[in-house]
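J.: Each residue of the sequence shown is one higher than the one before, starting from 1 at the first, in this note's numbering. Heads up, the beta-carbon is just placed ideally off N, CA and C, and yes, glycines get one too. It should be emphasised that the depicted structure is a prediction, and the values quoted were computed from it without experimental measurement. I have a structure here, written as structure tokens, and I will follow up with some questions on it.
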Amino acid sequence: MTELISRLTVYFLYAMSSVPFLVWAGRSAYSGTVASTGPAPWPGITSTIFRVLLPLTVIFLYAWNVSAGAEAANTSEWVPFQFLLLPPAFGSIAGYGIGYFMGKRRII
Numbered sequence: 001m002t003e004l005i006s007r008l009t010v011y012f013l014y015a016m017s018s019v020p021f022l023v024w025a026g027r028s029a030y031s032g033t034v035a036s037t038g039p040a041p042w043p044g045i046t047s048t049i050f051r052v053l054l055p056l057t058v059i060f061l062y063a064w065n066v067s068a069g070a071e072a073a074n075t076s077e078w079v080p081f082q083f084l085l086l087p088p089a090f091g092s093i094a095g096y097g098i099g100y101f102m103g104k105r106r107i108i
């Protein structure tokens with residue numbers, strides 16, 4: 001039981017560390033979508049690159065480095081540091097999606 005509580009606490013704290021990035025990306029995607037003057041509003045190409053594509057690159061790089069195929073290729077020792085970049089990456093992607101849909105529907 002103690003191990004279960006310990007694991008849940010770690011996962012909870014890990015998830016909570018992505019909240020600031022979720023809020024930051026959501027607010028910027030929302031304001032970009034609201035300010036868009038095109039017929040189909042969206043946050044813009046720069047926001048999409050920095051809030052979605054770059055975090056996806058970090059996630060895929062981490063997944064590659066922990067996969068079994070990467071062990072044969074003698075991967076780097078940066079995997080623990082890449083693990084610490086996952087909450088900001090997931091928070092940024094989720095915040096972008098939430099902010100985009102809220103801005104598209106003009107919620108708030």
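Grouping DSSP H, G and I as helix and E and B as strand, with all else coil, what is serine 47?
T.: On the sequence shown, position 47 is the one that residue 47 refers to. Note: serine 47 maps to helix in three-state DSSP.
J.: Looking only at its chain, what residues have a beta carbon closer than 8 Å to the beta carbon of arginine 51, apart from the 5 residues adjacent to it on each side?
T.: Along the sequence shown, read from residue 1 onward, the residue named residue 51 stands at position 51. So the qualifying residues of the chain are Ala25, Ser28, Ala29, Pro43, Ser92, Ile93, Gly95 and Tyr96.
J.: Please tell me whether proline 41 and threonine 33 are closer than 8 Å, where the distance is taken between their beta carbons.
T.: To locate residue 41, count along the sequence shown from 1; it is residue 41. To locate residue 33, count along the sequence shown from 1; it is residue 33. Yes, the pair counts as a contact, with Cβ atoms nearer than the cut-off.
J.: Could you check what DSSP says for glycine 95 in three-state terms: helix, strand or coil?
T.: In the sequence shown, counting from the first residue as 1, residue 95 sits at position 95. Of the three classes helix, strand and coil, the one that applies to glycine 95 here is helix, per DSSP.
J.: Any idea what DSSP makes of alanine 29, helix, strand or coil?
T.: Reading the sequence shown from its first residue, position 29 is the one you call residue 29. The three-state secondary structure of alanine 29, taken from DSSP, is helix.
J.: Do serine 146 and proline 87 have their C-beta atoms closer together than 8 Å?
T.: The chain is shown from 1 up to 108; residue 146 falls before or after that span and cannot be answered.
J.: What's the call for proline 20, buried or exposed, on a 16-neighbour Cβ count within 10 Å?
T.: As a working note, residue 20 is residue 20 in the sequence shown. Burial call: exposed.
J.: Helix, strand or coil: how does DSSP classify threonine 37 here?
T.: The residue you call residue 37 lines up with position 37 of the sequence shown. In the structure shown, threonine 37 sits in coil (DSSP, three-state: anything other than H, G, I, E or B).
J.: Once you ignore the five residues that flank leucine 22 on each side, which residues in its own chain have a CB closer than 8 Å to its CB?
T.: Against the sequence shown, residue 22 aligns to sequence position 22. If we look at leucine 22 and ignore the five residues flanking it on each side, its Cβ neighbours are Gly91, Ser92, Ala94, Gly95 and Ile98.
J.: Please name the residue, chosen from Thr46, Val58 and Ser36, that lies closest to alanine 89 on a Cα-to-Cα basis.
T.: One-based indexing of the sequence shown puts residue 89 at position 89. Among Thr46, Val58 and Ser36, the Cα nearest to that of alanine 89 is on Val58.
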